[in-house]
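Reviewing the structure listed below.
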Amino acid sequence: MSARILDGKALAAEMRREIARAAAELAKQGITPGLGVLLVGDDPASRSYVKAKEKACAEAGIHSEEVRLPADASLEKILEIVRGFNRSSSVHGILVQLPLPDPAMETQVLSAIDPDKDVDGFHPVNVGRLLLGLPGFIPCTPHGIVKLLQKSGITVEGRHVVIVGRSNIVGRPLANILSSKGPLGNATVTICHTRTRNMAYFTRQAEILVAAAGRPRLITADMVSEGVVVVDVGVNRVEDPSSPRGYRLVGDVDFEEVRRKAAAISPVPGGVGPMTITMLLYNTVLAAARVNGLPDPFPG
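Per this note's numbering, the sequence shown starts with residue 30, numbered consecutively.
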């Protein structure tokens, strides 16, 4: 079996054109969607992610404002920046790049964001809205996964989805979306994690398997059934002396082996990653429309 590749890069490019058109329509009404970005510390990966997000914003017609703070910035200083973004009429969405140098601050910082500007969907209010099926912001990676499946013609309704990983950023919100009533859900969902006994027993039952554990090549060919749809969320650096960078990126799935059994599979890179940034742009334009009392720019 030759698996179909779920090309997140191509789909993201298509969606970004749609987002740019929506941003242009808002601009005609004097509204430029704005994203406030806070980067604390000088982590190279975080700097790279922020740079990619700001480049994507510029291409979509979204204004971005970046504030950088040193790694030893106090909680009060970080909260001061967040509150400033909350008050700013030119900022419709707020992104605090995670992880923070002090992870113990994260809950307080994310909770300080105005829920109506919480385009990452991490504020407790938006987590609750998602759980209850109320309008809010869906976290970008789970939303990107659902869109990748939906726009690839893969139906989740009535199917068994197994998610490997239970993080608050991916696993848990994705399980809520897929198991909820509505066009993005109605699946039967199983969550596996590091304490799951005999994980392969569950993963072999999956019609759709989402790997989001953060462990390189955790999912091997013997752990999946023939014809499964595989979404690989993992982005892991592994040493590679042949690479100019000394490493290469791999997912949580043994791609070359699993693709021989799968009906469809997302690659790393080029699968879920581009969709995550795209949904951040989507949420920012949506936030700009909502705060101005305008209709949803992305109906359906």
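We put the beta carbon where it would ideally sit given N, CA and C, even for glycine.
Keep in mind that this is a model prediction, so the values were computed, not measured.
Return the Cβ separation of residue i and residue j in integer angstroms, given the expectation that the two are a contact with Cβ distance under 8 Å.
i, j, result
"G243", "G37", "With a Cβ gap of about 18 Å, G243 and G37 do not count as contacting."
"A240", "G263", "6 Å"
"V253", "R233", "7 Å"
"P153", "G70", "Not quite, the Cβ-Cβ distance comes to about 24 Å (not below 8 Å), so this is no contact."
"V14", "A216", "Beyond the ends of the chain as shown, which are 30 and 329, falls residue 14; an answer cannot be given."
"P326", "A318", "5 Å"
"C169", "N312", "7 Å"
"G275", "D283", "G275 to D283, Cβ: 22 Å. No contact."
Would you say residue i and residue j are within 8 Å of each other, going by their C-beta atoms?
i, j, result
"H121", "P164", "no"
"P171", "V199", "yes"
"E286", "T249", "yes"
"L35", "L238", "no"
"I91", "V314", "yes"
"P324", "V279", "no"
"A316", "V156", "no"
"L310", "A89", "yes"
"D281", "D251", "no"
"I206", "I167", "yes"
"K180", "L40", "yes"
Excluding five sequence neighbours on each side, which residues of the same chain lie with their C-beta closer than 7 Å to the C-beta of residue i?
i, result
"G173", "V301, M304, T305, T307, M308"
"A32", "R288, A291, A292, A293, I294"
"R195", "R201, I220, H222"
"N321", "I60"
"L160", "N205"
"A102", "V69"
"A100", "V69, G70, D71, P130"
"P12", "Because the chain spans 30 through 329 in this model, residue 12 falls outside it and cannot be assessed."
"Y78", "Q126"
"V175", "I206, L213"
Excluding the 5 residues flanking residue i on each side, which residues of the same chain have their C-beta closer than 6 Å to its C-beta?
i, result
"G65", "E94, F114, V120, I123"
"L67", "V96, I110, V125"
"S209", "G162"
"P330", "With the chain covering 30 to 329 only, the question about residue 330 has no answer from this structure."
"E83", "S93"
"P298", "L278"
"M228", "C221"
"F231", "V191, T219, C221"
Near residue i, what residues of its chain come up, given a Cβ to Cβ distance below 8 Å and the 5 sequence neighbours on each side ignored?
i, result
"V138", "L104, I107, L108, V111, V125, L129"
"A235", "H189, V190, V191, T219, V253, S254, V257"
"M134", "L104, I107"
"A53", "G90"
"G182", "none"
"A49", "E88, A89, G90"
Would you list the one or two residues that DSSP bridges to residue i?
i, result
"R33", "A293"
"V264", "For V264, which the question treats as bridged, DSSP gives no partner whatsoever."
"G63", "H92"
"L124", "V66"
"R97", "L68"
"V258", "I237, A293"
Comparing the CB of residue i with every heavy atom of the ligand ZN, is any distance shorter than 7 Å?
i, result
"A85", "By its list of ligands, the structure shown contains no ligand whatsoever, and the ligand ZN lies outside what it can speak to."
Counting only beta-carbon atoms, is residue i nearer than 8 Å to chain E?
i, result
"I220", "Any reference to chain E falls outside this structure, which holds one protein chain only."
*Start-end ranges of the alpha helix (DSSP H) lying completely within the segment 269-306, minimum 4 residues*: Counting whole runs of 4 or more residues, the segment 269-306 contains the alpha helix (DSSP H) stretches 284-287.
*Which ranges does the beta strand (DSSP E) cover as unbroken runs of at least 3 residues, wholly within the segment 173-255, from first to last along the chain?*
Complete beta strand (DSSP E) runs here, min 3: 189-193, 217-221, 237-240.
*Curious, which full-length beta strand (DSSP E) runs of at least 3 residues does the segment 151-175 contain?*
None, since the segment 151-175 contains no complete beta strand (DSSP E) of that length.
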